[in-house]
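Residue 245 in the working numbering sits at position 121 of the sequence shown, and the numbers go up by one each step. Using N, Cα and C, we set each Cβ at its ideal position, and we do this for glycine too. Input: a single structure, listed below in structure tokens.
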Amino acid sequence: MLYYPKMPDSRNAPLTRCWAFEKYDGTNLHWDWDREIGWHRFGTRREAFELTSHGIAQFSQAHAHIQTAPNLFHATLAEPLAEILQSHANYQAYNAIRVFTEFFGPNSFAGLHKTSDPKQLCLFDVWLESYGFVGPQQFSADFGHANSARVVYEGKLTGQFFEDVRNGTFGVSEGVVCKGGTGGSDLWMVKIKTRHYQALLKQAFAEHWEAYWE
125 MLYYPKMPDS
135 RNAPLTRCWA
145 FEKYDGTNLH
155 WDWDREIGWH
165 RFGTRREAFE
175 LTSHGIAQFS
185 QAHAHIQTAP
195 NLFHATLAEP
205 LAEILQSHAN
215 YQAYNAIRVF
225 TEFFGPNSFA
235 GLHKTSDPKQ
245 LCLFDVWLES
255 YGFVGPQQFS
265 ADFGHANSAR
275 VVYEGKLTGQ
285 FFEDVRNGTF
295 GVSEGVVCKG
305 GTGGSDLWMV
315 KIKTRHYQAL
325 LKQAFAEHWE
335 AYWE
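Okay, here's the thing in structure tokens:
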């Protein structure tokens, strides 16, 4: 199962109003919340584990490089996010909610992390059962005070904006995710990566294969 959808690139992006969020270079993790029992399940983009001592042990065994994520979630995001989901009028009608975070440190790159680095979890999306993803304007208003993805631009999506992101104008490392619409079936999102990041990926790939053939 794919818990987070594959995001299209900018080729078919609608040139309408958008919110551009910084895209962080890390590992995509999801966390499931139920109105009656609270946080109860979590996992990667393709796997899920029970948020219990047994489930966390299974996760740690399968993903040793990100095994600190559950403790970090409980220490930093679990309580403030639960408070919003429990008390905010926008979420009272929903019993099952999934939030998405990026796990990364200062030297994380292409999903790899240095063990000695301090890590953080940054919230970047909220999904409501029977509705879909929360729209970008609502996300910013309701979750902007939490440790959430930084909004680097708000306005019309244009060709010039594409080029500015690719050229590093907005001071982002990997790139941005542009989102538009009101949420649910009306939501659209596209990613734009910087040329600098793409060059680093190409270099890392080349060095990997050179080492492989030596």
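Among the candidates the options, whose CA atom is the shortest distance from the CA of residue i?
i: residue 155; options: 195, 243, 290; result: 195
i: residue 126; options: 207, 330, 171; result: 171
i: residue 159; options: 138, 274, 209, 174; result: 209
i: residue 206; options: 161, 181, 304; result: 161
i: residue 216; options: 157, 150, 331; result: 157
i: residue 149; options: 226, 274, 306, 181; result: 226
i: residue 329; options: 306, 307, 242, 234; result: 234
i: residue 244; options: 268, 163, 326, 273; result: 273
By DSSP, does residue i sit in helix, in strand, or in coil?
i: residue 245; result: strand
i: residue 219; result: coil
i: residue 339; result: Residue numbering for the chain in the displayed model covers 125 to 338; residue 339 lies beyond these limits and cannot be assessed.
i: residue 269; result: coil
i: residue 338; result: Note that residue 338 scores 35 on pLDDT, short of 50, meaning its location in the model is unreliable; the coordinates nonetheless yield the value given after this. Looking at residue 338 - three-state DSSP - the assignment turns out to be coil, as it is neither helix nor strand.
i: residue 324; result: helix
i: residue 167; result: strand
i: residue 141; result: strand
i: residue 331; result: helix
i: residue 308; result: helix
i: residue 253; result: coil
i: residue 259; result: coil
i: residue 283; result: helix
Along the chain, where does the beta strand (DSSP E) that runs through residue i open and close?
i: residue 374; result: This structure leaves residue 374 out entirely; the chain is present only between 125 and 338.
i: residue 299; result: 299-304
i: residue 154; result: 151-158
Using a Cβ-Cβ cutoff of less than 6 Å, which residues in the same chain neighbour residue i once the five nearest sequence positions on both sides are dropped?
i: residue 152; result: 128, 169
i: residue 191; result: 184
Where does the unbroken alpha helix (DSSP H) through residue i begin, and where does it stop?
i: residue 195; result: 193-200
i: residue 294; result: Element bounds for residue 294: n/a, residue is neither H nor E.
i: residue 179; result: 177-186
Residues in the same chain with beta-carbon distance under 7 Å from residue i, minus the five sequence neighbours each way, listed in chain order, please.
i: residue 299; result: 147, 289, 315, 316, 317, 318, 321
i: residue 238; result: 229, 231
i: residue 266; result: 208, 212, 214
i: residue 133; result: 314, 315
Going by beta carbon distance, what residues of the same chain come within less than 8 Å of residue i, once the five residues before and after it are set aside?
i: residue 296; result: 146, 147, 276, 289, 318
i: residue 236; result: 189
i: residue 142; result: 260, 277, 278, 279, 280, 281, 302, 303, 304
i: residue 131; result: 301, 313, 314, 315
i: residue 291; result: 318, 319
Is residue i near the ligand ATP, in the sense that its beta carbon is under 7 Å from a heavy atom of that ligand?
i: residue 189; result: Ligands in the displayed structure: none, and consequently the ligand ATP is not present.
(message) Below 8 Å, how does it come out for the region 252-270 and the region 206-226: are there three or more Cβ pairs, yes or no?
(response) yes
(message) Three or more C-beta pairs under 8 Å: does that hold for the region 300-314 against the region 257-264?
(response) yes
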